[in-house]
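When the sequence shown is numbered by this note's numbering, its final residue is 306 and no position is left out of the sequence of numbers.
Beta carbons are placed, not taken as given, at the ideal position from N, Cα and C, and that holds for glycine.
Model, not experiment: these values are computed from the prediction.
Heads up, the thing below is written out as structure tokens.
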Amino acid sequence: MTLIRGTTKLLRLGVFRQPTIQPTVQGGRQLATNAGIKQTLPKEPFQQMDQRFQSFQLRGKVFAVTGGARGLGLTMAEALVEAGGEDRLPEPHEEFYTAQARANPNPQYGGSLHYHLLDVCDRDSTNQIMSAIADGKNRLDGLVAAAGVNHIESAINHSAADIERIISINYTGAFTSATAAATQMLNKQCQGSILLVSSMSGMIANKGMKTSIYNSSKDAVIQLARSFAMEEQHRYGRQRGNTITPMAKMVMDKTPGTKEIWESENMLGRLARPEEFRDIALLLMSNAGSFMTGSTIVADGGHTAW
């Protein structure tokens with residue numbers, strides 16, 4: 001599904017914390033995401049829910065999701081499809097095809113899932129892809145910028161190439177994707193929302209996680225969202241920008257003992273499940289979040305609250 005939303009409005013930027021991923025199975029149909037993570041689609045399509053929640057519906061809207069081929073990006077993309085949106089993801093993965101097979105033939109949700117191959121570090125290519133997506137249905141309603149990489153290494157051992165790669169994808173890629181999407185939203189006169197996925201590590205230094213460059217890049221993404229929200233609201237008053245901050249399962253795999261440390265340091269005593277971030281993305285991308293912009297949404301089980 002391509003994440004793009006209606007008439008141009010202030011860029012809304014918020015911060016989303018990447019959850020520590022734990023396999024879970026709930027009522028409904030089981031969904032597979034990256035690293036064998038499982039999610040569930042609700043038994044009832046979103047459109048059949050109480051009419052009091054119409055502001056959460058995305059039927060007819062188009063969105064672009066970078067980093068949506070698998071994992072958290074794909075999880076959020078599927079949530080938008082369920083709400084009736086059309087998502088276009090920049091890179092395919094076997095998990096994407098599984099999700100596409102679930103979403104596209106299902107008329108109950110009214111949404112669809114597609115992909116475009118894209119390097120978010122390539123500004124010209126990103127502009128072209130966003131333009132093609134917007135031209136497809138003459139609209140672009142929003143962007144979820146979830147592309148990102150991490151590199152676990154002590155600060156003194158980071159090479160220049162390591163630093164350039166992390167900053168290029170995590171920060172420059174988010175900037176390029178956001179500006180390309182905002183340009184098309186303005187061209188199509190679509191009011192919409194831009195969501196940048198940051199990390200809890202952009203707010204604190206996580207114990208046992210030697211990722212100084214990654215942390216710095218995610219902190220920069222948070223400030224980027226705020227700055228975009230101010231600039232676009234002042235200039236156009238139509239695009240909203242927000243950020244959310246998730247955790248990376250990769251860190252748990254590469255640093256033994258980190259899972260236990262992080263679980264013991266939040267108020268709920270556990271790590272987040274991927275599906276716990278679906279509704280946050282839906283709130284920020286839909287009209288339900290129309291008064292939210294320049295925000296950082298912290299969903300961390302209380303980790304940063306004490």
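Check: Where I297 and T258 are concerned, what is the direct C-alpha to C-alpha distance, given to the nearest angstrom?
Finding: If I take the Cα positions, the gap works out to 23 Å.
Notebook entry, point to check: Taking all protein chains shown into account, do 16 or more other C-beta atoms lie within 10 angstroms of the C-beta of W262, making it buried, or fewer, making it exposed?
Noted result: Buried.
Check: Can you name the start and end residues of the beta strand (DSSP E) that T183 belongs to?
Finding: Not the beta strand (DSSP E): T183 falls in the alpha helix (DSSP H), residues 173-187.
Checklist line | 6 Å Cβ shell around A73 - same chain, five flanking residues per side excluded | finding: The displayed chain sequence assigns Gly, not Ala, to residue 73. These residues qualify, in order along the chain: V65, G67, A146.
Notebook entry, point to check: Can you give the beta carbon distance from G142 to M230, rounded, assuming they're within the 8 Å contact cut?
Noted result: Between M230 and G142 the Cβ distance is about 18 Å, and since that is not below 8 Å, they are no contact.
Item checked: Supposed close pair A174, L224 - CB separation, criterion 8 Å -> 6 Å
Item checked: Three-state secondary structure assigned by DSSP to S55 -> helix
Notebook entry, point to check: With 16 other CB atoms within 10 Å as the buried threshold, where does M267 fall?
Noted result: exposed
Check: Would you say M76 and V144 are within 8 Å of each other, going by their C-beta atoms?
Finding: yes
Check: Using a Cβ-Cβ cut-off of 8 Å (strictly less than) and excluding sequence neighbours within five positions of R165, which residues of its own chain qualify?
Finding: V149, H151
Notebook entry, point to check: In angstroms, rounded to a whole number, what distance separates the CA positions of A181 and N215?
Noted result: 25 Å
Check: Buried or exposed: S201, going by 16 or more other Cβ atoms within 10 Å of its Cβ?
Finding: Burial check for S201: the Cβ neighbour count within 10 Å reaches 16 or more, so the residue is buried.
Check: Based on Cα-Cα distance, which residue from H303, V221, I244 lies nearest to M285?
Finding: The residue with the shortest Cα to Cα distance from M285 is I244.
Notebook entry, point to check: A178 and F228: beta carbons closer than 8 Å?
Noted result: yes
Item checked: C-beta atoms of S131 and Q184 nearer than 8 Å -> yes
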